[in-house]
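Residue 416 is where the sequence shown starts when you use this note's numbering, and the numbers rise one by one after that.
Backbone N, C-alpha and C fix where the C-beta goes; we use that ideal spot for every residue, glycine too.
Notes to accompany the following structure.
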Amino acid sequence: MNKLRVAGIGFTAVAALALSACSGDDAPASGNAANTPAPAASSPAPMSSSGSTGSPDGVTTNADVFGPACSKLPQGSEPGSLDSMGPQPVASAASTNPLLTKLVAAVKATNLVDTLNSQQAITVFAPADPAFAALGDAKFAELAGKPDQLAPILQYHVVGKRYDAKGLATAGSVDSLNTAGGPVKIEGTGDTMTVNGAKILCGNIPTKNATVFVIDKVLTPGTNKN
């Protein structure tokens, strides 16, 4: 966890975060998926929240996935599908997710791929590519060259405990790995849930070591500090 627990640095850079310049980079994919039996399901991803019973350890299944963007994921065992991502650690799974190419570029720029993959039970709030649409390429290039400023932003999107949607709703707020950034506030439940005001586009996505919530905004450290 030493790499992730970077001191909260330069939060003024957050407001102008732009990751799109590196959108062509991909994090290396794990080789474990081919040797792990995939869950049997090739139908389109669910569009409404399930998981009402919750999971005490935050581990979800394909049946728990919800959100309007889930249908944009590949189906069956294709790379980026739920079946394909499930057996892989989170950074490797994200590298195949077509919703997360810009976030993956940021993770790679800060050399956090192996660090995220090695965690045992985490929750990841993953900004979708459109979350960066209003942010410029030039700022990303600047931040990509300054990983000490970019890393605290990324770690604010990672929680050191695995939650499903019900667990998040019950918690109300959670601490990210960027403790200097303040808590991440959870409001609403199911399809109406927000994370620091960001809407969930596809939530409860299971990976080997994380539950992922694709969101429509980049979270800003310090937003909920008193």
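**Residue ranges of each beta strand (DSSP E) within the stretch 604-631, 3 or longer** = 613-621, 625-630
**Asked** According to DSSP, what are the bridge partners of S683?
**Response** The requested residue 683 is not part of the displayed model; the chain covers only 416 to 641.
**Item:** Buried/exposed call for K640, threshold 16 Cβ in 10 Å
**Value:** Position 225 of the sequence shown holds residue 640. So K640 ends up on the exposed side.
**Request:** Leaving aside the five residues before and after L515 along the sequence, list all residues of the same chain whose C-beta is less than 6 Å from its C-beta, in chain order.
**Result:** As a working mapping, residue 515 is identified with position 100 in the sequence shown. A509, A541, listed in sequence order.
**Burial state of P545, where buried means 16 or more other Cβ atoms lie within 10 Å** = Within the sequence shown, numbered from 1, the residue matching residue 545 stands at position 130. Looking at its Cβ environment, which holds fewer than 16 other Cβ atoms inside 10 Å, P545 is exposed.
**Message:** Taking its Cβ as the centre, do 16 or more other Cβ atoms sit within 10 Å of T607, making it buried, or is it exposed?
**Reply:** Here the question's residue 607 lines up with position 192 in the sequence shown. Answer is exposed; the Cβ neighbour count stays below 16.
**Prompt:** Nearest-angstrom Cα distance between A584 and V573?
**Reply:** For the purposes of this step, residue 584 is taken as the residue at position 169 of the sequence shown. For the purposes of this step, residue 573 is taken as the residue at position 158 of the sequence shown. Taking the straight line joining both Cα atoms gives about 16 Å.
**Asked** Among G605, D631, G596, K632, which residue has its Cα nearest to the Cα of V480?
**Response** As a first step, residue 480 must be located in the sequence shown, where it is residue number 65. Closest by alpha carbon: G605.
**Prompt:** Can you give the beta carbon distance from G473 to G597, rounded, assuming they're within the 8 Å contact cut?
**Reply:** Within the sequence shown, residue 473 is the residue found at index 58, counting from 1. Within the sequence shown, residue 597 is the residue found at index 182, counting from 1. Not quite, the Cβ-Cβ distance comes to about 22 Å (not below 8 Å), so this is no contact.
**Message:** Using CA atoms only, rank isn't needed, just tell me which of T538, V633, D631, K554 is closest to D590.
**Reply:** Indexing the sequence shown from 1 puts residue 590 at position 175. The option with the nearest alpha carbon to D590 is T538.
**Message:** Please give the ranges of any alpha helix (DSSP H) in the stretch 509-535, keeping only runs that are unbroken, at least 4 residues long and fully inside the region.
**Reply:** 516-524, 528-533
**Asked** Does the Cβ of P366 have 16 or more other Cβ atoms within 10 Å, making it buried, or fewer, making it exposed?
**Response** Shown here, the chain extends from 416 to 641; a query on residue 366 therefore has no answer.
**Through-space distance from T635 to G603, alpha-carbon basis** = Working through the sequence shown from its first residue, we reach residue 603 at position 188. Working through the sequence shown from its first residue, we reach residue 635 at position 220. G603 and T635: Cα-Cα distance of roughly 19 Å.
**Request:** Would you check if the distance between the CB atom of F628 and the CB atom of G618 is smaller than 9 Å?
**Result:** Locating residue 628 in the sequence shown gives position 213, where the first residue counts as 1. Locating residue 618 in the sequence shown gives position 203, where the first residue counts as 1. In this structure, G618 lies closer than 9 Å to F628 by Cβ.
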